[in-house]
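Residues 1 to 413 (this note's numbering) make up the sequence shown, in order. Written out below as structure tokens is the structure these notes cover.
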Amino acid sequence: MAKTMNTNYDLVIFGATSFVGQILTRYLFETYGVGQSVNWAIAGRSSHKLEGVKSELGNKANDLPIILADVSDQGSLEALCGQTRAVISTVGPYALYGEPMVQACVRSGTDYCDLTGEVQWIRKMIERYEEEAKSSGARIVHCCGFDSIPSDLGVWYLQQQAEETFGAPCKDVRMRVKAAKGGLSGGTVASMINIAKEAGSDPALRKELANPFSISPSEHRSQTRQPSLKTAEFDKDFQVWLAPFVMGAINTRVVHRSNALQDARYGKEFTYDEAMMTGRGLKGRASAYAMTAALGTFFTASAIKPSRWLVEKLVPKPGEGPSPEEQRSGFFDIRFVGRTEDGKTMITKVTGDRDPGYGSTGKMLGEAGMCLAFDVPADKPGGFWTPASLLDGDLLKRLTEKAGLTFEVVETR
């Protein structure tokens, strides 16, 4: 089916009653209003719950349109897609509930973005629907939350600055989370547990999850060994201890796919990794080892049925997450160190003014949807893109002007 431009809405939030969906709805309402410059609607399976989301926004949201749609009713999803230029989906875990909406968008030529971090599901969607998306014109963009916009756009920004300053991109880039404050939502935990559960019973999936090019085109492979932090390590660039970063597993894959989709702009032998700073001295070292052990325990326990029930009892449930106050008091500060082939070095940073997983993610996801609806040229081909490869500078501009993010060069040498 060809892409249709005669639609009622610029944007529809599918899953507006979810934890992130409510944050996203409030963000779009407070930023763009209702029935003004942007025609948008909220969607989900429960009319009662959608009306509740509207009532939380106050009387000015009375005219916000509602669309009923359910992942178990493909016809309702196709009807939704027929009314909008772009869909933002917050209905996860995506490996369990995400495919029907991707399928509907691909078949109708409707642009789509989400906040999944489930790399095994992304690969399946690319394998099943990429050729059809290219034919229909649907631009599909996964990973438009904290995983993986700060990483993906952060590398894109660093490379842009390196090309302007050094005349060449950085062959090697390392991302380090300097500081972050925020809470987990039950939806994110559910996705993490589901990944661990699938990997625990599938050796092939475990092998795939260890492959940094798992979602890159098959012809795009580096011969250079990719760095991958597995335990505590000392970082000479920042003189701090490091621990593995839980979102590095998805972010690295997205960055490598971005490089591939930009015709290896960063270099065919580009290397990239991510880690979390835990501090200096003995305290930093102890924190790095403690964090490494905690991550290992969580994923091991989540992969085994006898202990999974205990993990699920201890963590937040879907629909639960940090309070509005906690979201407002949260933040993140991540750093990138890039080195060119001839040894020149650039350090950049990306910051956000809300908790990374929810306050900032809601704003990033909203602006990614706006970018899809308004900024991407109509002749940009369909397919499975990444934030940096499709939305690039337009999204960066929106993030800095509206979503509370900053991108800046810290040092060159």
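Every residue, glycine too, gets a C-beta built ideally from N, C-alpha and C.
Kindly indicate which residue of G200, M175, S218 and D333 has the alpha-carbon position closest to the one of D355.
Within the sequence shown, residue 355 is the residue found at index 355, counting from 1. Of G200, M175, S218 and D333, the residue nearest in Cα terms is D333.
Please report the Cβ distance between T110 and T84, rounded to the nearest whole angstrom; I am assuming they are in contact, meaning their Cβ atoms lie under 8 Å.
The residue given as residue 110 occupies position 110 in the sequence shown. The residue given as residue 84 occupies position 84 in the sequence shown. Yes, they are in contact, since the Cβ atoms of T110 and T84 sit about 6 Å apart, within 8 Å.
Just the Cα atoms here: how many angstroms apart are I304 and G357?
The residue you call residue 304 lines up with position 304 of the sequence shown. The residue you call residue 357 lines up with position 357 of the sequence shown. Their Cα atoms are separated by approximately 26 Å.
On a Cα-Cα basis, can you pick out the residue from G92, G369 and R225 that is closest to Y32?
Taking the sequence shown and counting its residues from 1, one reaches residue 32 at position 32. Comparing Cα positions, the closest option is G369.
Between N8, L11 and I23, which lies nearest to S323 when the distance is taken from Cα to Cα?
Position 323 of the sequence shown, counting from 1, holds the residue named residue 323. The option with the nearest alpha carbon to S323 is I23.
Starting from P203, follow its DSSP beta bridges and name the residues at the other end.
Here residue 203 corresponds to residue number 203 of the sequence shown, with the count starting at 1. In DSSP, P203 forms no bridge with anything.
Assuming V87 contacts V155 under a Cβ cut-off of 8 Å, what Cβ separation, rounded to an integer in Å, is found between them?
Numbered from 1 along the sequence shown, position 87 holds the residue referred to as residue 87. Numbered from 1 along the sequence shown, position 155 holds the residue referred to as residue 155. With 8 Å as the limit, V87 and V155 do not qualify as a contact, their Cβ atoms being about 26 Å apart.
Secondary structure at M175, three-state DSSP: helix, strand or coil?
Residue 175 sits at position 175 when you count from the first residue of the sequence shown. Strand at M175.
Helix, strand or coil, according to DSSP, for V246 in the structure here?
Along the sequence shown, one-based indexing puts residue 246 at 246. It is coil, neither helix nor strand.
Beta carbon of T406, beta carbon of T351: below 8 Å?
Locating residue 406 in the sequence shown gives position 406, counting from the first residue. Locating residue 351 in the sequence shown gives position 351, counting from the first residue. Result yes, Cβ atoms of T406 and T351 sit closer than 8 Å.
Which first and last residues belong to the alpha helix (DSSP H) in which D394 is found?
Residue 394 sits at position 394 when you count from the first residue of the sequence shown. Here the alpha helix (DSSP H) through D394 covers D392 to K402.
Selected residue, minimal CA-CA separation from V34, among G21, S46, L11 and F19
By 1-based counting over the sequence shown, the position of residue 34 is 34. Of G21, S46, L11 and F19, the residue nearest in Cα terms is L11.
In chain order, what residues of the same chain lie with their CB nearer than 6 Å to the CB of S18, ignoring the 5 residues before and after it?
The count along the sequence shown starts at 1 and reaches residue 18 at position 18. The answer, listed in chain order, is T90.
With DSSP collapsed to three states, give me the class of C371.
Here residue 371 refers to the residue found at position 371 when the sequence shown is read from its first residue. Helix, per DSSP.
Identify the residues that DSSP records as bridge partners of D114: which are they?
Taking the first residue of the sequence shown as 1, we reach residue 114 at position 114. Note: D114 sits in a beta bridge opposite S89.
Inside the region 1-44 only - alpha helix (DSSP H) runs reaching at least 4 residues:
19-32
Alpha helix (DSSP H) runs contained entirely in the region 296-370, provided each spans 4 or more residues:
305-314 and 324-329
Considering only the beta carbon of each residue, do L96 and N194 sit closer than 8 Å?
Looking up residue 96 in the sequence shown gives position 96. Looking up residue 194 in the sequence shown gives position 194. A contact, by the Cβ cut-off of 8 Å.
Among D63, I149 and K49, which has the Cα closest to the Cα of C113?
Position 113 of the sequence shown, counting from 1, holds the residue named residue 113. Comparing Cα positions, the closest option is I149.
Using only alpha-carbon positions, find the residue among A61, L68 and L80 that is nearest to Y9.
Counting from 1 along the sequence shown, the entry for residue 9 is found at position 9. For the residues A61, L68 and L80, the minimum Cα distance to Y9 belongs to L80.
Applying the 10 Å Cβ sphere with the 16-neighbour rule, what's the burial state of L399?
Locating residue 399 in the sequence shown gives position 399, where the first residue counts as 1. By the neighbour-count rule (16 or more Cβ atoms within 10 Å), L399 is buried.
Per-residue DSSP class, three states only, for P217
Here residue 217 refers to the residue found at position 217 when the sequence shown is read from its first residue. Three-state DSSP puts P217 in coil, outside helix and strand.
Give me, in chain order, the residues of the same chain whose beta-carbon lies closer than 7 Å to that of P217; leave out the 5 immediate sequence neighbours on both sides.
Counted from its first residue, the sequence shown places residue 217 at position 217. Hits under 7 Å: A260.
Bounding residues of the beta strand (DSSP E) (the contiguous stretch that carries R139)
Position 139 of the sequence shown, counting from 1, holds the residue named residue 139. Element bounds for R139: R139 to V141.
State the DSSP-derived secondary structure class of F166, mapped to helix, strand or coil.
The count along the sequence shown starts at 1 and reaches residue 166 at position 166. Residue state, collapsed to three classes: helix.
Use the C-beta contact count for F14: other C-beta atoms within 10 angstroms, 16 or more gives buried, fewer gives exposed.
Within the sequence shown, residue 14 is the residue found at index 14, counting from 1. F14 should be labelled buried.
Using the Cα positions of L26 and K134, report the straight-line distance between them to the nearest angstrom.
Translated into the one-based positions of the sequence shown, residue 26 becomes position 26. Translated into the one-based positions of the sequence shown, residue 134 becomes position 134. Checking the displayed sequence, the identity of residue 26 turns out to be Arg instead of Leu. Using only the alpha carbons, I get a separation of about 33 Å.
So, at 6 Å on beta carbons, what are the nonlocal neighbours of I67 in its own chain, with the 5 sequence-adjacent residues on each side left out?
The sequence position of residue 67 within the sequence shown is 67, counting from 1. Excluding sequence neighbours, I67 sits near A41, A43 and L80.
How about the region 174-182 and the region 270-287: do they share at least three Cβ pairs that are nearer than 8 Å?
yes
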